[in-house]
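Chains as they are written, first to last, in numbering that gives the first Met the number 0: chain A, 0 to 64; chain B, 0 to 389.
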Amino acid sequence: MRVELDEPKCVASGQCVMVAPDVFDQREDDGVAFLLTEEPEETRLGDVREAVAICPAAAIRLLEP
Amino acid sequence: MSPEIGRVLVVGASAAGLAAAETLRRDGFAGEITLVGAEPQPPYDRPPLSKQILAGQWEADRLALRADEHLADLCLDMRLGVTATGLDVSAREVRLAGGESVGYDALVIATGVRPRRLPGDGAHVLRTLGDALALRQNLGPGKRLVVVGAGFLGAEAAAVARGLGAEVTVLEPAPVPLAHAVGAEVGAVLAQAHLDHGVDLRTGVGVTAVARGGVQLAGGELIAADEVLVAIGSLPNTEWLEDSGLTIDDGVVCDEYCAAAPGVYAAGDVARWYNPLFEASMRIEHRTNAAEQGMAAARNLLDPDSSKPFAPVPYFWSDQYDMKIQAHGYLRGHEEIAVVEGSLADRRFLAAYRTGDRVAGILGVGMPPKAVRPWRQAVATRAPWSSINA
């Protein structure tokens, strides 16, 4: 599993961090999200998909091989 | 999963409808999904319409909520540019413009809202991509824009228009911008920001009509404008449900499971549901609620016997000038606010909102996420007001 984050699209809602705090975090200065890992463990698939679905900016993409 | 559900119909193809359809697939539903949308475009995002699209920073293709190949993977029967005109709950059928009827085993109503308008022609509204592009085309240095209504849309559009060099007048009947949404104290901070950026903000002013060359005030005065944007709130798109037998009361009335009737659910801007976390009936026009409620409705629809109450902490953000305003909770009807970090004067603060004896909401401007999170948690856990030492 590979995750992509479109930072310029991010609106700093932090929804992804609430769903998958081991995959996403937010910058302290402006709250924009960043990836803690681009290739999360397969066991994290459910929560990463939830983050993709819940992101209010459609800024997260999941690329499955 | 109830074995009898073979066909799900989702009416409304924006954030809530898409979230519902996507969740059905993600949770393993392999039956037919029909997604009906009134607009011709595939599902697109609306918050950037009053921000990056109006500012000319983004082209329209950046708004797509999902890539084409992702939509294709969902195997939806998508009917775009098609309006639903009626619902027969007992026959489990939705009538579409053109006369066709589509049957369903379960239905998600996600038809959203449309802008309220004023009498008179020639004003802009801002709800669709077409609306945003039409307004953007007519904004520029020296253009006189009158914005009627200082809610989220009006305030954001005013800020963008100033950035484009337009002369902007904002007319608002309440004493401050966003009065209902954020209260008087924070509204006053926003008012000052607009004044500092050269907006001619006039509060306590009622507009009766759009007139030739401007707008007409309640007292008869004409305010001249090259362009007029009417941003005075929205109306739920429920007319097509009038004869359905569903309860309609400023939205489709649902229980805490987002159900309006057996097998009928509603989500997003159009849904009025009972939120047990705040023990209140609410209809939320925020982007995050659309996705969350679409997901919740889809899950309850698939497995009604283990339905979960939809009890979110509502969230909104708004970008105005260099301010990002973020709020968690249900601020409407609050009785008191307390600044718990920073200061209003610096436009960098965190304010807690009290309703009854609890922390009902938190609003931050320019605050780091780590400072906001514990407060969101306080709202989610119904923390008593006395616990915050405000």
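Yeah, the Cβ is synthetic: ideal placement off N, Cα and C, and Gly gets one too. Every value quoted in this text rests on a predicted model; they were computed, and no experiment measured them.
In terms of residues, what are the limits of the beta strand (DSSP E) holding residue i?
| i | result |
| --- | --- |
| A:L34 | 32-34 |
| A:I59 | 59-62 |
| B:D76 | 76-79 |
| B:Q319 | 314-319 |
| B:Q325 | 322-328 |
| B:D181 | First, the amino acid is wrong: residue 181 of chain B is Val here, not Asp. Run containing B:V181: none in the beta strand (DSSP E); it sits in the alpha helix (DSSP H), 178-181. |
| B:L34 | 31-36 |
| B:L234 | 233-235 |
| B:L53 | Where B:L53 is concerned, there is no enclosing beta strand (DSSP E), although the alpha helix (DSSP H) it sits in stretches over 51-54. |
| B:A259 | 258-260 |
| B:R271 | 270-274 |
Across which residues does DSSP place residue i in a beta bridge pair?
| i | result |
| --- | --- |
| A:D28 | Per DSSP, none; premise fails for A:D28. |
| A:Q14 | Looking at the DSSP assignment, A:Q14 forms no beta bridge with any residue, so it has no partner. |
| B:I108 | B:V10, B:A265 |
| B:H123 | B:L228 |
| B:I283 | Answer is none; B:I283 lacks a bridge partner. |
| B:V358 | B:R353 |
| B:I222 | B:V214 |
| B:D87 | B:E92 |
| B:L170 | B:V147, B:R201 |
| B:D60 | Paired residues: none, contrary to the question. |
| B:S100 | B:R94 |
| B:Y43 | B:A63 |
| A:E3 | A:R60 |
| B:I247 | B:V251 |
| B:G363 | B:Q325, B:L349 |
| B:R113 | B:L234 |
| A:P39 | Answer is none; A:P39 lacks a bridge partner. |
| B:V209 | B:V214 |
| A:F23 | A:L34 |
| B:P383 | B:R357 |
Along the chain, where does the alpha helix (DSSP H) containing residue i start, and where does it finish?
| i | result |
| --- | --- |
| B:N288 | 286-301 |
| B:W374 | 368-379 |
| A:R48 | 44-53 |
| B:I435 | Summary: the structure shown does not reach residue 435 of chain B, with chain B confined to residues 0 through 389, and so no result is reported for it. |
| B:A131 | 128-136 |
| A:A56 | Element bounds for A:A56: n/a, residue is neither H nor E. |
So residue i and residue j are supposed to be a Cβ contact under 8 Å. How far apart are they, rounded?
| i | j | result |
| --- | --- | --- |
| B:G360 | B:Y329 | 6 Å |
| A:Q14 | A:C54 | 6 Å |
| B:Q325 | B:V371 | 7 Å |
| A:V22 | A:V51 | Not a contact, Cβ separation roughly 11 Å. |
| B:L349 | B:M366 | 5 Å |
| B:V10 | B:A20 | The Cβ separation is near 11 Å, so there is no contact. |
| B:P140 | B:G164 | 3 Å |
| B:V263 | B:I387 | At roughly 41 Å, the Cβ-Cβ gap does not stay under 8 Å, so B:V263 and B:I387 are not in contact. |
| B:R347 | B:A382 | No, B:R347 and B:A382 are not in contact; Cβ-Cβ is about 23 Å, not under 8 Å. |
| B:E291 | B:P311 | 5 Å |
| B:V209 | B:D120 | 7 Å |
| B:H196 | B:A154 | Contact doesn't hold; Cβ gap of about 11 Å is too wide. |
| B:E284 | B:D268 | 5 Å |
Open item on the list: Between the region 283-303 of chain B and the region 241-249 of chain B, can you find at least three pairs of beta-carbon atoms closer than 8 Å?
Closed with: no
TODO: Kindly confirm or deny that the region 224-232 of chain B and the region 139-156 of chain B touch, where touching means at least three C-beta pairs closer than 8 Å.
DONE: Yes: the two stretches touch, three or more of their Cβ pairs being nearer than 8 Å.
Open item on the list: Three or more C-beta pairs under 8 Å: does that hold for the region 58-68 of chain B against the region 326-338 of chain B?
Closed with: no
TODO: Output, in sequence order along the chain, the residues in the region 16-29 of chain B whose CB is closer than 7 Å to any CB in chain A.
DONE: A18, E21, T22, R25
Open item on the list: Using 8 Å as the cut-off, can you tell me whether the region 40-47 of chain A makes contact with the region 31-42 of chain B, which would need three or more C-beta pairs spanning the two stretches below that distance?
Closed with: no
TODO: Determine contact between the region 192-209 of chain B and the region 76-91 of chain B, defined as no fewer than three beta-carbon pairs at a distance below 8 Å.
DONE: no
Task: Contact the region 120-134 of chain B vs the region 299-318 of chain B: 3+ CB pairs below 8 Å - done: no
Open item on the list: Please identify, using Cβ separations under 8 Å, the residues of the region 50-77 of chain B that lie next to chain A, in order along the chain.
Closed with: R61, A63, L64, R65, A66
TODO: Could you please tell me which residues of the region 367-386 of chain B, in chain order, have their CB closer than 7 Å to any CB of chain A?
DONE: P367, P368, K369
Open item on the list: Counting only Cβ-Cβ distances shorter than 8 Å, please list the residues of the region 279-305 of chain B near chain A, keeping chain order.
Closed with: R286, T287, A290, E291, M294
- [ ] Output, in sequence order along the chain, the residues in the region 38-53 of chain A whose CB is closer than 7 Å to any CB in chain B.
- [x] Residues of the region 38-53 of chain A that bring their beta carbon within less than 7 Å of a beta carbon in chain B comprise R48, A52, I53, in sequence order.
Task: Cβ pair count under 8 Å reaching 3, the region 252-270 of chain B against the region 167-179 of chain B - done: no
Task: Under 8 Å (Cβ pairs) to chain B, residues found in the region 0-13 of chain A - done: K8, V10, A11, S12, G13
Task: Touching by the beta-carbon criterion (3+ pairs, under 8 Å), the region 40-57 of chain B and the region 89-102 of chain B - done: Because the criterion of three Cβ pairs below 8 Å is not met, the region 40-57 of chain B and the region 89-102 of chain B do not touch.
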